[in-house]
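Each protein sequence line maps, in turn, to chains A and B. All residue numbers for the first sequence refer to this note's numbering, where the first residue is 306 and numbers rise by one. All residue numbers for the second sequence refer to this note's numbering, where the first residue is 48 and numbers rise by one. Note that the Cβ used here is the ideal one computed from N, Cα and C, for glycine as well. Bear in mind that the values here come from a model prediction, so they are computed numbers and not experimental data.
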Amino acid sequence: MAEKIKGKKGAVRLSDGQVIVPHRKSTRQYIIQHKWLYLLFLPGFIYFIMFRYIPMGGLVIAFKEYSPFVGIWDSPWVGLGQFRKFFSNNDFMKLLINTLGISLLQLVLYFPAPIILSLFLNEVRHSGYKRVVQTLVYIPHFVSWVIVTSLTYQLFNVSDGIFNLIYQAFSGGKSFDILQNASAFWGLIVGQDIWRETGYGTIVFLAALSGVDQELYEAARVDGAGRWRLMWHITLPAIRSTIVMMLIMRVGGILNTGYEQIFMMRNDLNISRAEVFDTYIYTKGIRSGMYSFSSAAGMFKSVVGMVMVLLADKVAKLFGESGLY
Amino acid sequence: MAKEHKVKEGAKVRKSTGDRIVDVIIYVVLGLIALSTVLPFLYVFAGSFATEKELTEKAFFIIPSEWSLNAYQYAVKTANILRGLRNSILLTILGTFSCMVFSLTFAYPLSKSHFRGRNWMMNMVIFTMLFSGGMIPSYLVFQAYGLLDSWWALILPGLISPFNMIIIKKFFQGLPLELDEASYMDGANDLQIFTKVALPLSKPVIASISLFYGVGFWNDYFNAMIYLSSAEKFPIQIQLRSIILQTSKIAENQVLDYDMFGAPPDKAVKMACTVIATVPILIVYPFVQKYFTKGVMVGAVKG
Chain A
306 MAEKIKGKKG AVRLSDGQVI VPHRKSTRQY IIQHKWLYLL FLPGFIYFIM FRYIPMGGLV
366 IAFKEYSPFV GIWDSPWVGL GQFRKFFSNN DFMKLLINTL GISLLQLVLY FPAPIILSLF
426 LNEVRHSGYK RVVQTLVYIP HFVSWVIVTS LTYQLFNVSD GIFNLIYQAF SGGKSFDILQ
486 NASAFWGLIV GQDIWRETGY GTIVFLAALS GVDQELYEAA RVDGAGRWRL MWHITLPAIR
546 STIVMMLIMR VGGILNTGYE QIFMMRNDLN ISRAEVFDTY IYTKGIRSGM YSFSSAAGMF
606 KSVVGMVMVL LADKVAKLFG ESGLY
Chain B
48 MAKEHKVKEG AKVRKSTGDR IVDVIIYVVL GLIALSTVLP FLYVFAGSFA TEKELTEKAF
108 FIIPSEWSLN AYQYAVKTAN ILRGLRNSIL LTILGTFSCM VFSLTFAYPL SKSHFRGRNW
168 MMNMVIFTML FSGGMIPSYL VFQAYGLLDS WWALILPGLI SPFNMIIIKK FFQGLPLELD
228 EASYMDGAND LQIFTKVALP LSKPVIASIS LFYGVGFWND YFNAMIYLSS AEKFPIQIQL
288 RSIILQTSKI AENQVLDYDM FGAPPDKAVK MACTVIATVP ILIVYPFVQK YFTKGVMVGA
348 VKG
């Protein structure tokens, strides 16, 4: 087979030792020859500039005192003033605690859920049963947060929801309004996440498992390995790098708690535990018009998020995993 | 089949009683998990056809004792749910189509290893997965583009999802190179190869990515809430949300409308609207299920 030679673009060494260096066209010639490729490429390129990179440029208002009447360019510079205001604000610690609290709870409870479910599904030999279970558990992922919220209201509301009735039966008539209780909020959010995403989350792990040679299991069984040893020595190693990859993404997104869900589940009574960076940015920015202040908050979140992904990726590589890039 | 047979033949690997018990536990637990995902839907579905009386009396049921279309009549008549439904269908079709056009045309050149400028463009794309302008700068920029209160504000900012684009690109890269060479020999240009060779071979990835985009448009609530202000443009999720938030107010205001069953169908109306917003997704789901699994798998394998 042809083998690529490093340092020389496109050059290959064939199996008999012959080296082929392709004649490289000038860029002008190349573009003319492949003009259709460039025309196909152009709309997407313009999209990335207009809708991804120009909004990044809009982050300059985080360093200004933006006023809608003056415009982005003519608003006065305030340096790091908005950031100072954000970090010294009493809200900051509250936001940080709520965001990290929800994220860590997700990491502990919600992250392992699809892995465990995949291991269970992997034990099922009856393919019809497996397919039915898979089909059903994927469904909630495709349903909107508005609907998940609606279902939650129907089942958990204090006046006639079934969960409150069950709770009353066990607590001797006391009712528990989980929807309007600050201390229950994190659990409620993570519970919804688990219900909605666990099934769908199994797909990547099952995909990794489908690549495992079944002979491996048989050989180990013949050697007397039981169910747990098969799981420990064959199944888990097969999905280890997928787990690490998902973990990197999870850790990288530690400040992303997802606003639609939290936005819809919060109310006046649980707000003390429900205000996270995303909802705060929305409330301060779009609702109250503090554009510069909330842009600074948003920028803090974006920068920390990026650093977290890169760090997690580095750590994964230190442990010998291939990482994301 | 053959595999199981082989295992059975080796007498020493016969399942022990303990193993069988674990098997039973696994089957039961999986059954319960599957049930827990479906039961809320079944309850809301049943409730939407039930009378308000039954809904207040019974906490949970999946077959109503008395069937009623009252809630649906009310939802259609007063809750503007049909307008939301129509808007969401149009928005989803328009949005998904635009996204697919942009994503496919953008991914195709980038899938060619000889395409010059490929590396720095990919870096540019990947950077947007790591960092973004965020909600407020984006809002202000899109406002400056004149997108406020327009469906384009919901469609244009998400035309190409980097994640979906990379899945499509990987799929194109998997197509045999010989096809390109043969087509060049026949005198075809890149556009002809793209439309006549690559696209017809890409139906699985087109199906799964269309599903991802389509579900995104159908389910979007937050962007619609931020950018839209006129009620006649609201998609169904906004309508549904406002119906769910209304407590018994609709009942107080419109007592005359539905005195026929004694109680106002407040809970049933919410359920009926939830069903109306859910059913389109569930109708499409069985047809595309096999494709989205493939799409996620392609996305999970790095390349």
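At the 7 Å Cβ level, is residue i part of the contact set with chain B, yes or no?
i, result
"Tyr-352/A", "yes"
"Gly-603/A", "yes"
"Pro-445/A", "yes"
"Gly-406/A", "no"
"Tyr-567/A", "The sequence shown places Ile at residue 567/A, not Tyr. No, its Cβ sits nowhere closer than 7 Å to a Cβ of chain B."
"Pro-419/A", "no"
"Phe-624/A", "no"
"Trp-341/A", "yes"
"Val-620/A", "no"
"Leu-470/A", "yes"
"Tyr-335/A", "yes"
"Gly-516/A", "no"
"Val-317/A", "no"
"Leu-552/A", "no"
"Met-613/A", "no"
"Val-581/A", "no"
"Gly-428/A", "Residue 428/A is actually Glu in this sequence, not Gly. So yes, Glu-428/A belongs to the interface."
"Met-250/A", "Because chain A is modelled from 306 through 630, residue 250/A falls outside the range shown and cannot be assessed."
Just to confirm the assignment, what range does the alpha helix (DSSP H) spanning residue i have?
i, result
"Phe-598/A", "596-623"
"Met-536/A", "Segment: none, Met-536/A is in no alpha helix (DSSP H) and carries neither H nor E."
"Ile-499/A", "490-515"
"Asp-70/B", "64-95"
"Leu-226/B", "224-232"
"Val-463/A", "Unbroken run through Val-463/A: none, as it is neither H nor E."
"Arg-436/A", "432-443"
"Leu-426/A", "417-428"
"Arg-526/A", "519-527"
"Asn-270/B", "269-274"
"Ser-627/A", "It is not in any alpha helix (DSSP H) - Ser-627/A carries neither H nor E in the DSSP assignment."
"Glu-101/B", "99-104"
"Asp-379/A", "Unbroken run through Asp-379/A: none, as it is neither H nor E."
Looking at chain A, is there any beta carbon in it that lies within less than 7 Å of the beta carbon of residue i?
i, result
"Arg-165/B", "no"
"Gly-142/B", "no"
"Ile-183/B", "yes"
"Pro-156/B", "yes"
"Gln-368/B", "Beyond the ends of chain B as shown, which are 48 and 350, falls residue 368/B; an answer cannot be given."
"Gly-261/B", "no"
"Ile-291/B", "yes"
"Pro-247/B", "no"
"Thr-98/B", "no"
"Phe-351/B", "This structure cannot speak to residue 351/B, because chain B is shown only from 48 to 350."
"Val-374/B", "The question about residue 374/B has no answer here: the residues shown for chain B are numbered 48 through 350."
"Val-188/B", "yes"
"Gln-284/B", "yes"
"Arg-130/B", "no"
"Asp-196/B", "no"
Within this structure, are the beta carbons of residue i and residue j separated by less than 7 Å?
i, j, result
"Val-614/A", "Leu-177/B", "yes"
"Arg-578/A", "Asn-403/A", "yes"
"Ser-277/B", "Asp-227/B", "no"
"Val-326/A", "Thr-84/B", "no"
"Ile-256/B", "Glu-428/A", "no"
"Ser-160/B", "Phe-219/B", "no"
"Ile-128/B", "Cys-320/B", "yes"
"Val-581/A", "Ile-567/A", "yes"
"Asn-469/A", "Ser-455/A", "no"
"Val-262/B", "Pro-209/B", "no"
"Ala-106/B", "Ile-366/A", "no"
Does the ligand COA have even one heavy atom less than 6 Å from the beta-carbon of residue i?
i, result
"Ile-420/A", "Summarising the ligand content, the structure contains no ligands, and the ligand COA is consequently not present."
Counting Cβ pairs, one atom from each stretch, are 3 or more of them under 8 Å apart for the region 385-397 of chain A and the region 593-611 of chain A? yes
Would you mind listing the alpha helix (DSSP H) stretches within the region 153-207 of chain B that are 4+ residues and don't spill past its ends, in chain order? 165-177, 182-191 and 199-202
Taking only runs that begin and end inside the region 320-364 of chain A, name each unbroken alpha helix (DSSP H) of 4 or more residues, in chain order. 332-338, 340-353 and 359-362
Determine contact between the region 564-580 of chain A and the region 345-361 of chain A, defined as no fewer than three beta-carbon pairs at a distance below 8 Å. no
Between the region 315-328 of chain B and the region 85-93 of chain B, do three or more beta carbon pairs fall short of 8 Å? yes
Within the chosen definition, does the region 484-494 of chain A reach the region 455-468 of chain A through at least 3 CB pairs nearer than 8 Å? yes
Would you check if the region 560-568 of chain A and the region 323-338 of chain A touch, i.e. whether three or more CB-CB distances between them fall below 8 Å? no
Within the chosen definition, does the region 108-119 of chain B reach the region 182-189 of chain B through at least 3 CB pairs nearer than 8 Å? no
For the 8 Å Cβ check, are there 3 or more pairs between the region 126-144 of chain B and the region 283-292 of chain B? yes
Segment contact, 8 Å Cβ cut-off, at least three pairs: the region 509-527 of chain A with the region 537-544 of chain A: yes
With a threshold of 8 Å, are at least 3 pairs of Cβ atoms found where one atom belongs to the region 416-427 of chain A and the other to the region 238-246 of chain B? no
Three or more beta-carbon pairs under 8 Å between the region 437-453 of chain A and the region 73-82 of chain B, yes or no? yes
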